[in-house]
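Below is one structure, written out as structure tokens; comments come after it.
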Amino acid sequence: MQLSDFPFGVTDWSAIAPTEHPGESGMALWRTCQFGSIRVRMVEYSPGYLADHWCRKGHILLCLEGELLTELADGRRFMLTPGLSYQVADDSEPHRSSTKTGARLFIVD
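Just remember that this note's numbering sits 678 ahead of the position in the sequence shown, which is counted from 1.
Shown next, in the form of structure tokens:
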């Protein structure tokens with residue numbers, strides 16, 4: 679990851695308008711900032727959310743609130759709770775997420 683081409687800054691996530699992204703079920707609200715080539719998001723998944731696709735994008739993801747179940751295409755499953763994170767490289771392991779209770783995440787990709 680190359681962090682370049684942007685100055686020091688402070689982000690007020692509450693001031694960023696969310697965009698809606700429907701899942702196979704439920705909804706994701708993204709608050710997104712772009713810093714050079716790095717996308718940073720605060721994401722909220724509604725209770726009952728299930729992603730509508732297998733993601734191949736690399737991420738570093740931190741669970742802030744709730745519970746997030748992430749399933750890999752090979753069948754492995756990981757439950758994230760507040761304070762747990764995962765990292766996955768671009769095009770390495772397709773994954774998708776779901777939550778029964780809802781979740782709030784901080785994601786860098």
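By construction, the Cβ of each residue, glycine as well, lies at the ideal position given by its N, Cα and C atoms.
All values derive from a computational prediction rather than experimental measurement.
*Quick one: residues in its chain with C-beta nearer than 8 Å to the C-beta of HIS773, no 5 flanking neighbours on either side, listed in chain order?*
Sequence index remark: in the sequence shown, residue 773 carries index 95 (1-based). Answer for HIS773: TRP732, CYS733, THR748, GLU749, LEU750, ALA751, VAL766, listed in chain order.
*Which residue from PHE756, MET757, GLU722 puts its Cα closest to that of ALA695?*
The residue you call residue 695 lines up with position 17 of the sequence shown. Nearest of PHE756, MET757, GLU722 to ALA695, Cα basis: GLU722.
*Alpha carbon to alpha carbon, how far is SER692 from SER770? Give it in angstroms, no decimals.*
Position 92 of the sequence shown, counting from 1, holds the residue named residue 770. Position 14 of the sequence shown, counting from 1, holds the residue named residue 692. CA-to-CA, the gap between SER770 and SER692 works out to about 33 Å.
*Any idea what DSSP makes of ALA706, helix, strand or coil?*
Position 28 of the sequence shown holds residue 706. Secondary structure at ALA706: strand, using DSSP grouped into helix, strand and coil.
*Please state whether DSSP places SER724 in a helix, a strand or coil.*
Position 46 of the sequence shown, counted from the start, is the residue given in the question as residue 724. Note: SER724 maps to coil in three-state DSSP.
*Alpha carbon of GLU745 to alpha carbon of THR779, nearest angstrom*: Here residue 745 corresponds to residue number 67 of the sequence shown, with the count starting at 1. Here residue 779 corresponds to residue number 101 of the sequence shown, with the count starting at 1. If I take the Cα positions, the gap works out to 7 Å.
*Mind checking SER763: buried by the 16 CB within 10 Å criterion, or exposed?*
Stepping through the sequence shown from its first residue, residue 763 is reached at position 85. SER763 comes out exposed.
*Which same chain residues, not among the five before or five after GLU702, have their C-beta less than 6 Å away from its C-beta?*
As a working note, residue 702 is residue 24 in the sequence shown. Its chain contains LEU728, ASP730 as the residues whose beta carbon lies nearer than 6 Å to that of GLU702, once the 5 sequence neighbours on both sides are disregarded; these appear in chain order.
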